[in-house]
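What follows is a short report on a single structure.
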Amino acid sequence: MGRPMAEFGCAKCYGEDEQAVWRRQQAGFEHEAEVVDGSHFSVNLRRCKECSQRFVWIFTEVVDWMGGDDAQYVTILPVTAEEAAGLTGGTLRPHDLGTLGRNRRHLNHDWPTGGPAHLHWRSGRFLLQEGR
Ligand SMILES: [Zn+2]
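With the sequence shown counted from 1, adding 18 to any position gets you my numbering.
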């Protein structure tokens with residue numbers, strides 16, 4: 019159980035209840051910038067409508083060549099204003115985002131091929147993989 023990190027977000031965008039946070043992704047956030055625009059790997063910046071906290075939204079899809087549904091992974095990580103500016107300005111590479119997760123809770127939505135989706139808060143570095 020990771021404790022909420024008070025320096026990021028509000029109860030609505032960064033609260034303990036991962037289901038509530040996930041359900042709010044469509045309506046509760048302002049789309050701010052597209053950082054990587056790909057069909058299998060995309061990164062964009064979103065802002066909480068409630069508290070203006072910025073989040074980076076990382077989407078990866080791994081095509082299952084054997085047929086069936088493709089595995090989809092989403093990681094939602096809060097970022098500071100400086101980090102957001104670095105991403106849109108090109109000084110922070112999307113692949114470096116995994117390092118920011120080291121001491122920062124992020125929401126993972128994992129949807130493996132054929133399997134049920136898993137939604138959970140995680141802390142720790144993560145590996146950014148481009149989909150294929
Ligand atoms: Zn918020």
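All C-beta atoms in this analysis are idealised placements derived from N, C-alpha and C, irrespective of residue type, glycine included.
Checklist line | Closer than 7 Å: Gln43 CB and nearest ligand 1 heavy atom | finding: no
Next item on the list: Look at His58 and Glu79 and say whether their C-beta atoms are less than 8 Å apart.
Entry: yes
Notebook entry, point to check: Quick one: is Gln71 buried, meaning 16 or more other Cβ sit within 10 Å of its Cβ, or exposed?
Noted result: buried
Notebook entry, point to check: Is the Cβ-Cβ distance between Gly104 and Leu110 less than 8 Å?
Noted result: yes
Note to self: If you measure from each CB to the nearest heavy atom of ligand 1 and keep those under 7 Å, what residues do you get, in chain order?
What the structure shows: Gly27, Cys28, Lys30, Cys31, Tyr32, Cys66, Glu68, Cys69 and Gln71
Checklist line | His113 in three-state terms, based on DSSP | finding: helix
Checklist line | CB-CB length for Trp75 against Val97, believed under 8 Å | finding: Not a contact, Cβ separation roughly 10 Å.
Check: Can the beta-carbon of Leu95 be found closer than 8 Å to that of Leu63?
Finding: no
Notebook entry, point to check: What three-state label does DSSP hand Arg65 in the structure shown?
Noted result: strand
Check: What three-state label does DSSP hand Val81 in the structure shown?
Finding: coil
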